[in-house]
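Trainee: Structure provided below as structure tokens; questions to follow.
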Ligand code: SIN
Ligand code: FE2
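Residue numbers (full-length UniProt numbering): 1 to 206.
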């Protein structure tokens, strides 16, 4: 594993996981999940997204990957980041400022995320802190160059991953979801089930 990679299995209790899902559900009132599309091609992603924080990560055909202060469809500011998230950041990120953004990805059973490096942030000196909620997923981690060697691991609900140091510049993605492996996501709000991933990012240099 690259330096700066940490996996904290079961870092969040069931109650903490439920609290985060409640916050994602509450966020729907002003910042509903939407399906973003790829730059240039306009191809839709297989995940739907929303954000917490003063900035949120968005992508669309014409504007490309970027951070925006408001939801692309409702124009509302993103809901505030739950305190549990900023507390976790302060414990794990070892960075002198709070994250502006927490991207929320909802993976349904057929969703994937291709190998990529997070590089839309100026503050690449800050770790990315990532929380898994709901169904298990196979996470893949490679090196800084595309096409290099990779390793995979299964992430479960309540696990926390930190991509700091060298790992901050490494390729990563989600190969697949294992449907029906968690009871966390309430069917009335997540009819297709699946997995919710929260990733906190510091965007601007502190
Ligand atoms: C991401 O790289 O944005 C998401 C990773 C994950 O879903 O665990
Ligand atoms: Fe990422």
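Yeah, the Cβ is synthetic: ideal placement off N, Cα and C, and Gly gets one too.
Which whole runs of the beta strand (DSSP E) in the UniProt domain "Fe2OG dioxygenase" (98–204) are 3 residues long or more, in chain order?
Mentor: 101–107, 113–116, 128–134, 136–141, 151–155, 160–163, 172–178, 195–201
Trainee: Which residues in the same chain have their Cβ closer than 8 Å to the Cβ of residue 115, if we skip the five residues on either side of it in sequence?
Mentor: 140, 142, 146, 150, 171, 172, 173
Trainee: How big is the Cα-Cα spacing for residue 31 and residue 88?
Mentor: Cα-Cα distance, rounded: 23 Å.
Trainee: In whole angstroms, what is the alpha-carbon distance linking residue 148 and residue 190?
Mentor: So the alpha carbons of these two residues sit roughly 35 Å apart.
Trainee: On the premise that residue 44 lies in contact with residue 58, defined as a C-beta separation below 8 Å, what is that separation, rounded to the nearest angstrom?
Mentor: About 13 Å separates the two Cβ atoms, so there is no contact after all.
Trainee: Going by DSSP, what residue range makes up the beta strand (DSSP E) through residue 58?
Mentor: 56–58
Trainee: What is the residue span of the alpha helix (DSSP H) that residue 7 lies within?
Mentor: Element bounds for residue 7: not the alpha helix (DSSP H) but the beta strand (DSSP E), 5–8.
Trainee: In the DSSP assignment, what residue or residues form a beta bridge with residue 18?
Mentor: According to DSSP, residue 18 bridges with nothing at all.
Trainee: Taking residue 86 as part of the alpha helix (DSSP H), name the residues at either end of that continuous run.
Mentor: 83–92
Trainee: Would you list the one or two residues that DSSP bridges to residue 1?
Mentor: None; residue 1 has no bridge partner.
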